[in-house]
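Residue 6 is where the sequence shown starts when you use the working numbering, and the numbers rise one by one after that.
No residue lacks a Cβ here, since even glycine has one placed at the ideal position from N, Cα and C.
Small disclaimer: the values here were computed from a predicted structure and weren't measured.
Data first, discussion second: the structure below is written as structure tokens.
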Amino acid sequence: TQLVEPSLSALAKHCQEHAIPLLVLHSFGLFGYLRLQIPDHTIIDSKPDTPFHDLRLASPNFGEKDAFKQCIRSKCHGSFGQQVNFQEAFDNAFKAYSLPKDAIPDEVTSVLQYASSLAVTPTTPSFWVLARAVAEFVISHDSLPLSGHVPDMTAFTHTYIALQQIYVRQAAADCDEVLATVEMLLTTAGGDPKR
């Protein structure tokens, strides 16, 4: 198009308000340029390369961490290293006491900080409503909602399943809390809480 600037600005504003992509092409003989205006488009990496094992057992000091590892070693029957599950527990002890707030990547922190400053309206995109609810969860719990993922380990099947069920139940409770916050935010904003 060869629209003049005032007309193009009005068209761009209308398209932005109604979430319509706008493609503007100006040409001058063999030379030209292309301008693209699109509404917000969020991209979520739902499967990170290396999952963080958020076991949330404690937040000990250095001495307590060392005592925890020695406790694992002392519970081993026979020579240490012969029982695979004790060796795994000893080698991965740091995963048990990694602080949940340390597991929040900087990019996620930026999104949550932005979301917590947003005023939710009935037209706020679902992504930002959910981000605001997660931000409120982080503020009240000082951690992200639990994923429920338990790393593979050597254990009796019934013991592993029982442990896994504990984490799945907590993850479901965290998810329910975030969902309740989403519904509260949408109800307060005058929107449909079930959208």
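Residue i (DSSP reduced to helix, strand or coil)
i: G68; result: helix
i: H31; result: strand
i: Q42; result: strand
i: H163; result: helix
i: L151; result: coil
i: Q75; result: helix
i: S84; result: coil
i: K199; result: coil
i: M189; result: helix
i: I171; result: helix
Pick from the options that is closest to residue i, judged by C-alpha positions
i: E69; options: P110, P130, A101, V143; result: A101
i: E182; options: L117, S145, P156; result: S145
i: V116; options: L151, E188, L135; result: L135
i: T186; options: S131, H163, G34; result: S131
i: S52; options: K199, L184, H154, G195; result: The question names Ser, but residue 52 is Lys in the sequence shown. Here the closest residue by C-alpha is H154.
i: D50; options: D179, V113, F142; result: V113
i: D147; options: D179, Y119, Y172, T162; result: D179
i: Q88; options: G37, F161, P11; result: F161
Paired residues, beta bridge with residue i - DSSP
i: G203; result: Nothing in the structure corresponds to residue 203, since the chain is present only between 6 and 200.
Expected contact under 8 Å - CB spacing of residue i and residue j to nearest Å
i: S121; j: A138; result: Actually they do not touch by this definition, with Cβ atoms about 10 Å apart.
i: L151; j: Q175; result: 5 Å
i: D197; j: L191; result: 7 Å
i: K74; j: F95; result: 6 Å
i: L39; j: L30; result: 5 Å
i: C20; j: L13; result: Not confirmed; about 10 Å, so no contact.
i: F212; j: I77; result: Nothing can be reported for residue 212, as the shown portion of the chain is limited to 6 through 200.
Range covered by the alpha helix (DSSP H) that runs through residue i
i: D50; result: It is not in any alpha helix (DSSP H) - D50 carries neither H nor E in the DSSP assignment.
i: T128; result: Per DSSP, T128 belongs to no alpha helix (DSSP H) and is neither H nor E.
i: F95; result: 89-96
i: A17; result: 10-22
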